[in-house]
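Trainee:
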Amino acid sequence: MDLGFLFLDQSWSLMQLRSLLCASYAFLLLATTLVVVAVDNSTYYVPRDDILLNCGASGQASSFDRRSWTGDTGTRYAPSLNGSGGFDALRLDPSVSTVPYSTARVFTSPFTYRFPLSAGPIFIRLHFYPSDYSNHAASDAFFSVTSGPYILLHNFSAYLTADALNFAYLIREYSVNVSTGGLNLTFTPSTTHPNSYAFINGIEILSIPDLFSSATPLLVYGDDDNHAYTIDPDQALETVYRLNVGGQAIPPIEDSGLFRSWDDDSPYIYGAAFGVTDSNDPNVTITYPTSVPNYIAPPDVYSTARSMGPNAQVNLNYNLTWILPVDAGFYYLVRLHFCEIQYPIVKKNQRVFDIYLNNQTAKEKADVIGWSGGIGIPVYRDYVVTTMGREQMDLWVALHPYTLSEPEYYDAILNGLEVFKLQNSNNSLAGLNPGARSQLYVDPGDHRKGSAKHKSEVPVIVGGVVGGFAVLLAGFCLIGMCKCQKKKMVKEGKGAVTSNGPYGLSPLSLYGNTRSVASADFNLCRYFSIAE
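Position one of the sequence shown corresponds to residue 1 (full-length UniProt numbering), numbered consecutively onward.
1. Going by other Cβ atoms of all chains shown within 10 Å of its Cβ, with 16 needed for buried, is Arg390 buried or exposed?
2. Spatial neighbours of Ser68 within its chain, please: C-beta separation below 7 angstroms, excluding the five flanking residues on both sides.
3. Is Ile375 helix, strand or coil by DSSP?
4. What number of angstroms, rounded off, separates the C-alpha of Ala198 from the C-alpha of Asp163?
5. Tell me where the beta strand (DSSP E) around Leu53 begins and ends.
6. The ligand GTP and Asp65: does any heavy atom of the ligand fall closer than 7 angstroms to the residue's C-beta?
7. Could you spell out where the alpha helix (DSSP H) holding Thr161 opens and where it closes?
8. Assuming contact is defined by CB atoms lying nearer than 8 angstroms, are Ala215 and Ile200 in contact in what I supplied?
9. What is the residue span of the beta strand (DSSP E) that Gln60 lies within?
10. Can you give the Cα-Cα distance for Asp65 and Ala57, rounded to whole angstroms?
11. Measuring CA to CA, which of Thr192, Arg260, Pro79 and Leu170 is closest to Pro47?
12. What's the call for Gln360, buried or exposed, on a 16-neighbour Cβ count within 10 Å?
13. Is it buried or exposed, Gln313, if we count other Cβ atoms within 10 angstroms and call 16 or more buried?
14. Pick helix, strand or coil for Gln392, following the three-state DSSP scheme.
15. Count the other CB atoms within 10 Å of the CB of Ala496; is the residue buried (16 or more) or exposed (fewer)?
16. Might you give, ordered along the chain, the residues of its own chain that have their beta carbon closer than 8 angstroms to the beta carbon of Tyr380, omitting 5 neighbours on each side?
17. Tell me, please, whether the region 175–191 touches the region 137–149 by the rule of three or more beta-carbon pairs shorter than 8 angstroms.
18. Between the C-alpha atoms of Leu432 and Asn155, what's the straight-line distance to the nearest angstrom?
19. Should Thr304 and Gly247 be called a contact, given that it needs their Cβ atoms to be closer than 8 angstroms?
20. Of the residues Arg76, Pro130, Thr112 and Phe111, which one's Cα is nearest the Cα of Leu90?
21. Closer than 7 angstroms by C-beta to Phe115: which residues in its own chain qualify, once you throw out the five before and the five after it? Chain order, please.
22. Could you give the distance in angstroms between the alpha-carbon of Thr108 and the alpha-carbon of Gln235?
23. So, Leu357 versus Val385, is the Cβ gap smaller than 8 angstroms?
24. Name the two residues that bound the continuous beta strand (DSSP E) containing Ala312.
25. Quick one: Cα of Asn426 to Cα of Val346, how far?
26. Quick check: what's the CA-CA separation for Val106 versus Val220?
27. Pick from Ala104, Pro149 and Thr285: whose alpha carbon is nearest that of Ala137?
28. Assign Val245 to one of three DSSP states: helix, strand, or coil.
29. Near Thr180, what residues of its chain come up, given a Cβ to Cβ distance below 8 angstroms and the 5 sequence neighbours on each side ignored?
30. Looking at the strands, I want to know which residues DSSP matches up with His227.
31. DSSP has Glu204 in a bridge; who is on the other side?
32. Tell me where the beta strand (DSSP E) around Tyr332 begins and ends.
33. In or out: Ala227 buried (at least 16 other Cβ within 10 Å) or exposed?
34. For Tyr174 and Glu406, I'd like the C-alpha separation in whole angstroms.
35. Would Tyr113 and Ser256 be called neighbours here (beta carbons separated by less than 8 angstroms)?
36. Gln350: which of Trp371, Leu333 and Ala362 sits nearest, CA to CA?
Shown next as structure tokens:
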């Protein structure tokens with residue numbers, strides 16, 4: 001701001017000028033404070049290896065979060081490319097970042113990237129934007145990705161997967177242990193599909209601390225049958241879900257040094273039983289104990305939470321439940337993050353609850369203060385669950401008040417939720433491709449396509465008329481179903497709600513995203529949106 005004109009304007013008094021100077025001083029003080037915060041964040045984990053490869057491009061480019069990506073053309077990671085196989089996406093969705101998604105490296109035969117790395121655990125993040133690249137159609141891309149002995153993807157179609165999830169782009173994150181000699185990533189087109197090719201838009205390689213092999217999860221079998229499960233240091237894992245419970249999505253740049261994305265959990269809440277969301281009390285500071293390194297999850301995860309609500313009687317009649325579609329036939333590590341952040345919860349046996357995973361009791365009498373030792377102190381717990389079959393299934397995470405210890409509040413709380421797929425006996429993490437729109441998914445709402453596909457309006461109108469009659473018929477059915485619903489309620493907190501998926505009926509909360517209805521019986525019914 002040019003201060004010269006202020007002195008020429010006689011309407012400015014000495015008092016006004018003093019106020020301006022004070023405001024300027026306050027701004028400088030705020031800027032200094034922000035610098036101090038940035039210095040404090042430097043105590044987060046600093047990766048030894050941090051590679052961002054912008055595939056199909058050359059030179060340096062910055063992404064929307066100001067991270068610098070290097071084109072793979074002419075790099076030591078792929079010296080044999082010689083610039084061949086790099087293409088621009090024929091159309092870039094408005095919701096998609098130019099870097100690394102506007103270019104891709106296309107392979108019509110097997111190709112291997114070689115990364116010289118120090119030994120230790122790393123994150124591998126693979127970025128895919130399914131688009132037509134030159135004369136390569138998006139629907140023709142079927143391929144596998146391997147890393148040493150690990151099969152990360154097999155016969156993978158980014159086109160089908162993104163279409164089923166309604167995502168514009170995909171990110172697949174894996175944790176593997178690198179031995180001496182570095183890391184090889186091999187892309188192999190399918191031999192069973194005509195015109196198949198492999199492609200990749202971006203590759204992240206990030207060295208990480210020991211997040212898993214030092215964990216001591218319990219293998220969940222049911223009441224009193226849980227026992228310790230060991231995660232081998234060489235075990236490969238895939239990140240399936242990483243949710244900031246009760247808070248907004250956290251972008252990679254705001255993570256604690258590992259550049260992880262933490263998504264909003266609300267799209268995965270079962271039915272209308274949203275509970276209530278909480279932020280930390282202004283007098284509560286998140287303080288990491290020595291047993292919980294600050295890179296486990298950023299403070300923003302522990303500063304928000306979702307609980308069941310203030311009405312004990314309502315809370316006893318439902319479970320706070322998340323439904324997470326996963327690939328069947330694998331073991332899953334479920335990591336739950338907890339932190340009490342609101343007064344008056346400051347001592348043991350004030351808020352005690354049970355934890356259920358896939359309708360099995362993972363933990364009875366969970367007491368966050370008992371685990372952590374005080375308010376504002378983070379803690380996390382790990383559990384391993386098994387899944388049977390080959391296709392998609394729902395993984396249920398449910399919380400319910402524990403009553404036998406007569407706690408002060410009949411309530412439950414959760415701050416963060418992570419789910420990791422463990423490699424199977426074939427060293428594989430690969431699941432099956434979904435059929436285009438043939439399977440039911442919960443839409444996370446993140447990375448969503450910016451614009452809907454243009455379709456004829458006639459089927460929409462006809463479908464609306466037919467759907468109207470279907471809604472009327474469903475209404476009569478719901479009346480009978482709601483009367484039977486009470487019989488399916490949780491018995492004294494034992495066992496999670498049983499259902500065939502997100503469209504079944506469940507006991508619902510009176511709080512969160514529900515409508516106010518006078519009839520108590522009607523509140524036991526499932527609300528259906530127009531889309532459903």
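Using N, Cα and C, we set each Cβ at its ideal position, and we do this for glycine too.
Computed from a prediction, not measured in an experiment: that's the story for all the values here.
Mentor: In short, the structure shows the following:
1. In the sequence shown, the residue the question calls residue 390 occupies position 390. By the 10 Å Cβ count, Arg390 comes out exposed.
2. Along the sequence shown, one-based indexing puts residue 68 at 68. Result list for Ser68: Leu52, Gln60 and Ser62, in chain order.
3. Along the sequence shown, read from residue 1 onward, the residue named residue 375 stands at position 375. Looking at Ile375 - three-state DSSP - the assignment turns out to be coil, as it is neither helix nor strand.
4. The sequence position of residue 198 within the sequence shown is 198, counting from 1. The sequence position of residue 163 within the sequence shown is 163, counting from 1. Using only the alpha carbons, I get a separation of about 18 angstroms.
5. Sequence index remark: in the sequence shown, residue 53 carries index 53 (1-based). First-last of the beta strand (DSSP E) with Leu53: Asp50 to Asn54.
6. With respect to the ligand GTP, the structure shown offers nothing to examine, as it has no ligands at all.
7. Along the sequence shown, read from residue 1 onward, the residue named residue 161 stands at position 161. First-last of the alpha helix (DSSP H) with Thr161: Ala158 to Leu165.
8. Stepping through the sequence shown from its first residue, residue 215 is reached at position 215. Stepping through the sequence shown from its first residue, residue 200 is reached at position 200. The answer is no: Cβ separation not under 8 angstroms.
9. Translated into positions along the sequence shown, residue 60 becomes position 60. That run of the beta strand (DSSP E) goes Gln60 to Ser62.
10. On the sequence shown, position 65 is the one that residue 65 refers to. On the sequence shown, position 57 is the one that residue 57 refers to. So the alpha carbons of these two residues sit roughly 19 angstroms apart.
11. As a first step, residue 47 must be located in the sequence shown, where it is residue number 47. Looking at the Cα atoms, Arg260 is the closest of the given residues.
12. By 1-based counting over the sequence shown, the position of residue 360 is 360. When all chains shown are included, Gln360 counts as buried.
13. Along the sequence shown, one-based indexing puts residue 313 at 313. The residue in question, Gln313, is exposed, as its Cβ has fewer than 16 Cβ neighbours within 10 Å.
14. The residue you call residue 392 lines up with position 392 of the sequence shown. The answer is strand: DSSP assigns Gln392 an E or B state.
15. Indexing the sequence shown from 1 puts residue 496 at position 496. Note on Ala496: pLDDT 38, under 50, position unreliable in the model; the coordinate value appears next. The residue in question, Ala496, is buried, as its Cβ has 16 or more Cβ neighbours within 10 Å.
16. Translated into positions along the sequence shown, residue 380 becomes position 380. So the list reads Val292, Ile296, Ala297, Arg335, Leu336, His337, Phe338 and Gly416, once near-sequence residues are dropped.
17. yes
18. What you label residue 432 is simply residue 432 of the sequence shown in a count that begins at 1. What you label residue 155 is simply residue 155 of the sequence shown in a count that begins at 1. Cα to Cα, Leu432 sits roughly 8 angstroms from Asn155.
19. Walking along the sequence shown from the start, residue 304 turns up at place 304. Walking along the sequence shown from the start, residue 247 turns up at place 247. In this structure, Gly247 lies closer than 8 angstroms to Thr304 by Cβ.
20. Residue mapping note: residue 90 aligns to position 90 of the sequence shown, counting from 1. Cα-wise, what sits closest to Leu90 is Pro130.
21. Within the sequence shown, numbered from 1, the residue matching residue 115 stands at position 115. Excluding positions up to five away in sequence, the list reads Ile51, Tyr77, Gly182, Leu183 and Ile205.
22. Along the sequence shown, read from residue 1 onward, the residue named residue 108 stands at position 108. Along the sequence shown, read from residue 1 onward, the residue named residue 235 stands at position 235. Rounded to whole angstroms, Thr108 to Gln235 spans 30 angstroms at the Cα level.
23. Reading the sequence shown from its first residue, position 357 is the one you call residue 357. Reading the sequence shown from its first residue, position 385 is the one you call residue 385. Closer than 8 angstroms, so yes.
24. Along the sequence shown, read from residue 1 onward, the residue named residue 312 stands at position 312. Run containing Ala312: none in the beta strand (DSSP E); it sits in the alpha helix (DSSP H), Ala312 to Asn315.
25. The sequence position of residue 426 within the sequence shown is 426, counting from 1. The sequence position of residue 346 within the sequence shown is 346, counting from 1. In a straight line, the C-alpha of Asn426 is about 47 angstroms away from that of Val346.
26. Walking along the sequence shown from the start, residue 106 turns up at place 106. Walking along the sequence shown from the start, residue 220 turns up at place 220. Taking the straight line joining both Cα atoms gives about 43 angstroms.
27. On the sequence shown, position 137 is the one that residue 137 refers to. Of the listed residues, the one whose Cα sits closest to Ala137 is Ala104.
28. Start at 1 with the first residue of the sequence shown, and residue 245 comes out as number 245. The answer is coil: DSSP assigns Val245 none of H, G, I, E or B.
29. The residue labelled residue 180 in the question sits at position 180 within the sequence shown. Closer than 8 angstroms at Cβ, skipping near neighbours: Ala119.
30. Taking the sequence shown and counting its residues from 1, one reaches residue 227 at position 227. In DSSP, His227 forms a bridge with Leu219.
31. Here the question's residue 204 lines up with position 204 in the sequence shown. Looking at the DSSP assignment, Glu204 forms a beta bridge with Leu52 and Arg125.
32. Residue 332 sits at position 332 when you count from the first residue of the sequence shown. Where Tyr332 is concerned, the enclosing beta strand (DSSP E) stretches over Tyr331 to Phe338.
33. If you number the sequence shown from 1, residue 227 lands on position 227. Note on identity: in this sequence residue 227 is His, with Ala being the wrong assignment. Result: exposed.
34. In the sequence shown, counting from the first residue as 1, residue 174 sits at position 174. In the sequence shown, counting from the first residue as 1, residue 406 sits at position 406. Taking the straight line joining both Cα atoms gives about 43 angstroms.
35. Mapped onto the sequence shown, residue 113 falls at position 113. Mapped onto the sequence shown, residue 256 falls at position 256. Going by C-beta atoms, Tyr113 is not nearer than 8 angstroms to Ser256.
36. Sequence index remark: in the sequence shown, residue 350 carries index 350 (1-based). Closest option to Gln350, Cα to Cα, is Trp371.
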